[in-house]
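Single-structure report; data block below.
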Amino acid sequence: MGAPRTVRGVSPPRLLRHIKSMLLLLFLGTYTQGQGPGATDTTAQMSVVEEQPPGVVVGVLPVRAGYNYTIRETSTMFVLYPGGIIRTLIRIDREALPRDTISLFVGGSHPQLAFHPIDVSISILDINDNNPKFEESTNAVSFQEDASAGQQQLILTATDPDKGNNGTIAEYQIVSGNSDGKFNSFHPV
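Heads up: the sequence shown runs through residues -34 to -1, 1 to 155, numbered per mature numbering (1 follows the signal peptide of the UniProt record, and there is no 0).
The structure is reproduced here in structure tokens:
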């Protein structure tokens, strides 16, 4: 049969290793330049719990090596640190916001490569930090002396600005003025 054929004096196994190495280098070069798989990450979704102290890490953006990133509009709630780290600037009160999600536009610039935009969506998560409030601070109720037991006399409703289960009122209780136990608390319908 004879000796294995060569290409410019390189044996087939060695040539194959050389091609694999070149492809790997090409892939790594493209990937680290921000143009490989995952480089199409132009959105980021994060969340932060309300009422945390300033400086809490919200998340880390999918940044590219060699790029300089900035938040493109003024933000009074968040700051961007090197490496794509987003932190809070203030204590955030979810109930004081017009919506539960904050949108930021972050841009990455590079002297030789294309602009890298990232749309960031930050959900503000609720904690149970508000007390239910009644429409009226006091309510006057009159009873007839011969009223039957179990007769419903007054329906009070309260609202809680917290969200989800944190804003659900599970039970109403009489906290004073019922030492003889003639009145019952109730669960909302």
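The C-beta atom is built at its ideal place from N, Cα and C for all residues, glycine as well.
For clarity, every value in this text was computed on a predicted model and none was experimentally measured.
Exercise for review: Buried or exposed for G130, please, with buried defined as at least 16 other CB atoms from any protein chain shown within 10 angstroms of its CB.
Suggested key: exposed
Check your understanding: Considering N131, what are the terminal residues of the beta strand (DSSP E) in which it resides?
Key -> No beta strand (DSSP E) contains N131, which DSSP labels as neither H nor E.
Review point. Under 8 angstroms, do V86 and L63 count as touching if we go by C-beta distance?
Key: no
Exercise for review: Return the Cβ separation of R60 and D92 in integer angstroms, given the expectation that the two are a contact with Cβ distance under 8 angstroms.
Suggested key: Contact flag correct, Cβ pair sits at about 5 angstroms.
Review point. Within this structure, are the beta carbons of A124 and P83 separated by less than 8 angstroms?
Key: no
**Study point:** Straight-line Cα distance separating T134 from V26
**Key:** Approximately 33 angstroms, taken between the alpha carbons.
Exercise for review: Keeping to the same chain, check which residues put their C-beta closer than 8 angstroms to that of T67; ignore five residues upstream and five downstream.
Suggested key: Around T67, the same chain offers S87, I88, S89 and I90 as residues with beta carbons nearer than 8 angstroms, after the five sequence neighbours per side are excluded.
Review point. When we look at the beta-carbon of E16 and count the other beta-carbons within 10 Å, is it buried (16 or more) or exposed?
Key: buried
Check your understanding: If you scan the stretch 27 to 57 from start to end, which runs of the beta strand (DSSP E) of 3 or more residues do you find wholly inside it?
Key -> 34 to 37, 44 to 47 and 51 to 54
Point to revise | G(-1) versus D95: straight-line alpha-carbon distance, rounded | key: Confidence at G(-1) is low in this model, with a pLDDT of 46, below 50, so its placement is unreliable and no value can be given for it.
Practice item. Following the continuous beta strand (DSSP E) through D85, name the residue where it begins and the one where it ends. Key: H82 to L91
Check your understanding: So, is G49 buried or exposed, given that buried needs 16 or more other C-beta atoms within 10 angstroms?
Key -> exposed
**Study point:** Cβ-based neighbour list, Q18, same chain, cut-off 8 angstroms, excluding 5 preceding and 5 following
**Key:** T54, R57 and I58
Review point. Rounded to a whole number of angstroms, what is the C-alpha to C-alpha distance between Q117 and S108?
Key: Whole-angstrom Cα-Cα distance: 13 angstroms.
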